[in-house]
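Residue numbers (our numbering): 995 to 1212.
Yeah, the Cβ is synthetic: ideal placement off N, Cα and C, and Gly gets one too.
Computed from a predicted model, the values in this text were never measured in an experiment.
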């Protein structure tokens, strides 16, 4: 397995460029209130024990682009190069998802809709969704498909959340939600992770307004 130094400069620059584009797009949608949310893209070859990814730096205003928005970390979430930057506080969750899925990109955002809906269904451990058109955006094309989006508790201690990820993942659902916090969505590359995240957000918004219209949000 190549070390970080063996990963090509081209691959590193590609990952940083894709992250920058996604960050700017999501910021324009107000998906990073405050300094919330985090993004990552894996670089180089993969094994469960050794891989590397670029991730957003902690505490940055994601509506502004700077040369210090991202850094590279290893499978334990530790910086691969000398830097004054700190990786996002939730980098360990990204690392665990990469380890378990081998995916190529993970995007995490906080929105009103994913917060409210995950709180509404948090006690049962999943958000149920059925017959919503954008379920197809997750690659599920069954007629009137029914899915369950996993919800995990939002502990302040990030390693405690990471320990819950293996039992929460569903092979056909490329996402998990932290209760009253935000959604993690992933895919084989940045394009697919973006598509999945947009599909999840449409689903959450659909559920929110359906509950509101039915009086179920009381």
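{"Item": "Around the C-beta of residue 1201, are 16 or more other C-beta atoms found within 10 angstroms, so that it is buried, or is it exposed?", "Value": "buried"}
{"Item": "So, do the region 1067-1078 and the region 1117-1137 have three or more beta carbon pairs nearer to each other than 8 Å?", "Value": "no"}
{"Item": "By DSSP's criteria, residue 1266 is part of a beta bridge. Which residues make up the other side?", "Value": "Nothing about residue 1266 can be read from this structure; the chain reaches only from 995 to 1212."}
{"Item": "Alpha carbon to alpha carbon, how far is residue 1107 from residue 1198?", "Value": "6 Å"}
{"Item": "Name the residue from 1209, 1178, 1194, 1095 whose alpha carbon lies nearest to the alpha carbon of residue 1042.", "Value": "1095"}
{"Item": "Counting Cβ pairs closer than 8 Å, one from the region 1150-1164 and one from the region 1082-1090, do we hit at least three?", "Value": "yes"}
{"Item": "Cutting at 6 Å between CB atoms, please list the residues of its own chain near residue 1159, excluding the five before and the five after it.", "Value": "1090"}
{"Item": "Could you tell me the boundaries of the beta strand (DSSP E) in which residue 1200 lies?", "Value": "Where residue 1200 is concerned, there is no enclosing beta strand (DSSP E), although the alpha helix (DSSP H) it sits in stretches over 1184-1208."}
{"Item": "Using a Cβ distance threshold of 8 Å, determine whether the region 1017-1026 contacts the region 1042-1061, with at least three qualifying pairs required.", "Value": "yes"}
{"Item": "Taking just the CA atoms, how far does residue 999 sit from residue 1190?", "Value": "31 Å"}
{"Item": "In the structure shown, what three-state DSSP assignment does residue 1158 receive?", "Value": "coil"}
{"Item": "In this structure, does DSSP put residue 1088 in helix, strand or coil?", "Value": "helix"}
{"Item": "Could you give the first and the last residue of the continuous alpha helix (DSSP H) run that contains residue 1236?", "Value": "Residue 1236 lies beyond the range of the chain shown here (995 to 1212); nothing can be said about it."}
{"Item": "Cβ of residue 1170 versus every heavy atom of the ligand ADP: is any distance shorter than 6 Å?", "Value": "In the structure shown, the ligand ADP is absent, as is every other ligand, since no ligand is present at all."}
{"Item": "Mapping the DSSP letters down to three states, classify residue 1065 as helix, strand or coil.", "Value": "strand"}
{"Item": "Taking 7 Å as the threshold (beta carbon to beta carbon), is residue 1066 in contact with chain D?", "Value": "Absent from the structure: chain D. Only one protein chain is present."}
{"Item": "Measure the alpha-carbon distance for residue 1066 versus residue 1206 and round it to whole angstroms.", "Value": "42 Å"}
{"Item": "In the DSSP assignment, the beta strand (DSSP E) including residue 1101 goes from what residue to what residue?", "Value": "1099-1103"}
{"Item": "Hey, how far is the Cα of residue 1015 from the Cα of residue 1209?", "Value": "39 Å"}
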